[in-house]
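Numbering (the numbering used here), first residue to last: 10 to 186.
Glycine included, every Cβ here is placed at the ideal spot set by N, Cα and C.
All remarks here apply to the structure that follows.
Now the structure itself:
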């Protein structure tokens, strides 16, 4: 299986990036091919809604989204990893997802997806906006959720290391079929 992992944290060794790394480790050990794109360190412009892409299939921007496009089209599974920022995914990840529009008709095909998110609060209901956004997006795309790692109570950079969540991410990656 080809897997594209899109991360949204600006913290290189942050909690959601730790989940992504463990997920990738498990997926690779299971024999899957993985491609990681760290949205916070790449150059992806926000969609201008100019609609040029719908006319000739190309975006007005020649930026790092080309990597995402290449691997998104060929992927069997897309994994999203993000911290919660003001009850939503990070702006960097959202910007990249918004650019899916440029290839919308080509990605409305069956794929699998995974959500990994971290947040400081211990209130389970605080995760609902991100989970809802993810589920509505998958419904629209016709993709199937194959796992969610929702990690509350992790705020400091290394807080995730003292939880069960990295092992859960590893096992999720390893279990993919």
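Within its chain, find whatever has a CB closer than 7 Å to the CB of residue i; leave out the 5 residues flanking it on each side and keep chain order.
| i | result |
| --- | --- |
| residue 54 | 70 and 72 |
| residue 95 | none |
| residue 84 | 11, 12, 13 and 120 |
Taking just the CA atoms, how far does residue j sit from residue i?
| i | j | result |
| --- | --- | --- |
| residue 140 | residue 66 | 30 Å |
| residue 76 | residue 135 | 32 Å |
| residue 9 | residue 186 | Lying outside 10 to 186, the shown extent of the chain, residue 9 is not represented and no answer is given. |
| residue 147 | residue 171 | 31 Å |
| residue 64 | residue 79 | 19 Å |
| residue 97 | residue 133 | 14 Å |
| residue 43 | residue 74 | 17 Å |
| residue 37 | residue 28 | 14 Å |
| residue 52 | residue 184 | 32 Å |
| residue 157 | residue 50 | 24 Å |
| residue 68 | residue 138 | 29 Å |
| residue 169 | residue 144 | 24 Å |
| residue 56 | residue 131 | 34 Å |
| residue 114 | residue 142 | 20 Å |
Would you say residue i faces chain D, with C-beta separation under 8 Å as the test?
| i | result |
| --- | --- |
| residue 13 | Among the chains of the structure shown, chain D does not appear; only one protein chain is present. |
Do residue i and residue j have their C-beta atoms within less than 8 Å of each other?
| i | j | result |
| --- | --- | --- |
| residue 112 | residue 82 | yes |
| residue 166 | residue 20 | yes |
| residue 181 | residue 122 | no |
| residue 127 | residue 155 | no |
By Cβ distance below 8 Å, which residues in the same chain neighbour residue i in space, the five residues on each side in sequence not counted?
| i | result |
| --- | --- |
| residue 48 | 15, 16, 17, 99, 101, 102, 104 and 105 |
| residue 119 | 151, 152 and 153 |
| residue 179 | 31, 32, 34 and 35 |
| residue 26 | 16, 18, 20, 47 and 90 |
Based on Cα-Cα distance, which residue from the options lies nearest to residue i?
| i | options | result |
| --- | --- | --- |
| residue 161 | 149, 26 and 129 | 129 |
| residue 92 | 182, 23, 180 and 117 | 23 |
| residue 116 | 144, 96, 155 and 149 | 149 |
| residue 58 | 42, 110, 44 and 26 | 110 |
| residue 61 | 168, 29 and 108 | 108 |
| residue 174 | 164, 159, 182 and 183 | 159 |
| residue 40 | 126, 56, 12 and 50 | 12 |
Apart from the five residues just before and just after residue i, which ones in its own chain have a Cβ nearer than 6 Å to its Cβ?
| i | result |
| --- | --- |
| residue 89 | 15 and 124 |
| residue 45 | 14 |
So is the beta-carbon of residue i under 7 Å away from any non-hydrogen atom of the ligand NAP?
| i | result |
| --- | --- |
| residue 158 | Of ligands this structure carries none, so the ligand NAP is not represented either. |
**Message:** Going residue by residue through the region 36-74, where are the continuous alpha helix (DSSP H) segments of at least 4 residues, counting only ones entirely within it?
**Reply:** 61-65
**Item:** 4-residue-minimum alpha helix (DSSP H) runs that sit fully inside the region 134-179, ordered along the chain
**Value:** 137-150
**Within the region 71-121, ranges of the alpha helix (DSSP H) (whole runs, at least 4 residues)** = The qualifying runs are 74-83, 100-107 and 113-116.
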